[in-house]
Amino acid sequence: MFQIIEKVFGIQSTAGLSVFKRVIRICITFTAVSFAWLIFRMPTITDAWNCFCGIFTNKGSLYLPQIDELMFLVIVAIVPIIKDILIEFEPDVIKKFFANVFLRRTYYVLIALALVIFGVFNADSFIYLQF
Numbered sequence: 229m230f231q232i233i234e235k236v237f238g239i240q241s242t243a244g245l246s247v248f249k250r251v252i253r254i255c256i257t258f259t260a261v262s263f264a265w266l267i268f269r270m271p272t273i274t275d276a277w278n279c280f281c282g283i284f285t286n287k288g289s290l291y292l293p294q295i296d297e298l299m300f301l302v303i304v305a306i307v308p309i310i311k312d313i314l315i316e317f318e319p320d321v322i323k324k325f326f327a328n329v330f331l332r333r334t335y336y337v338l339i340a341l342a343l344v345i346f347g348v349f350n351a352d353s354f355i356y357l358q359f
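At position 39 of the sequence shown the residue is numbered 267 (this note's numbering), and the sequence of numbers has no breaks.
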């Protein structure tokens with residue numbers, strides 16, 4: 229939907245945008261995709277609506293993870309986050325990095341290893357199970 233709006237208004241190109249505007253566009257896209265996933269994951273539209281209402285109306289305590297959960301998040305998420313930041317803001321650096329076959333394959337092996345070590349391999353968490 230956002231791509232259609234950008235094409236209609238002619239704001240699709242990111243070449244001349246400041247870093248602030250690019251970060252705002254990334255945040256808007258992330259928020260839209262996150263809410264779309266909520267609709268996708270709920271078994272009914274009513275459940276999705278109740279979830280949306282709960283996000284904006286229910287006041288609960290802040291979730292503070294244990295240190296082992298926090299380390300898991302940092303270990304698994306830091307490499308792809310850094311790669312995405314470099315792709316967005318410094319594409320030449322990432323091209324040079326992936327031009328080296330050893331570094332590229334090492335990156336892929338590390339991501340695959342993280343999936344094997346930290347992945348969940350049972351049918352209970354399979355996202356398309358309800359369909």
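The C-beta atom is built at its ideal place from N, Cα and C for all residues, glycine as well.
In the DSSP assignment, find the alpha helix (DSSP H) that holds residue i and state where it starts and stops.
i, result
"Lys324", "319-327"
"Thr274", "273-285"
"Ser262", "247-269"
Where residue i and residue j are concerned, what is the direct C-alpha to C-alpha distance, given to the nearest angstrom?
i, j, result
"Met299", "Lys249", "31 Å"
"Trp277", "Ser246", "36 Å"
"Phe330", "Ile254", "31 Å"
"Phe325", "Glu297", "30 Å"
"Leu343", "Val304", "9 Å"
"Phe280", "Tyr335", "37 Å"
"Val307", "Ala264", "25 Å"
"Lys311", "Phe284", "32 Å"
"Ile267", "Asn328", "41 Å"
"Ile295", "Val302", "10 Å"
"Ala260", "Glu318", "25 Å"
"Ile252", "Phe258", "10 Å"
"Ile339", "Glu316", "20 Å"
Residues in the same chain with beta-carbon distance under 7 Å from residue i, minus the five sequence neighbours each way, listed in chain order, please.
i, result
"Leu314", "Val321, Ile322"
Under 6 Å Cβ to Cβ from residue i, same chain only, skipping five residues before and after it: list those, please.
i, result
"Arg332", "Phe326"
"Gly282", "none"
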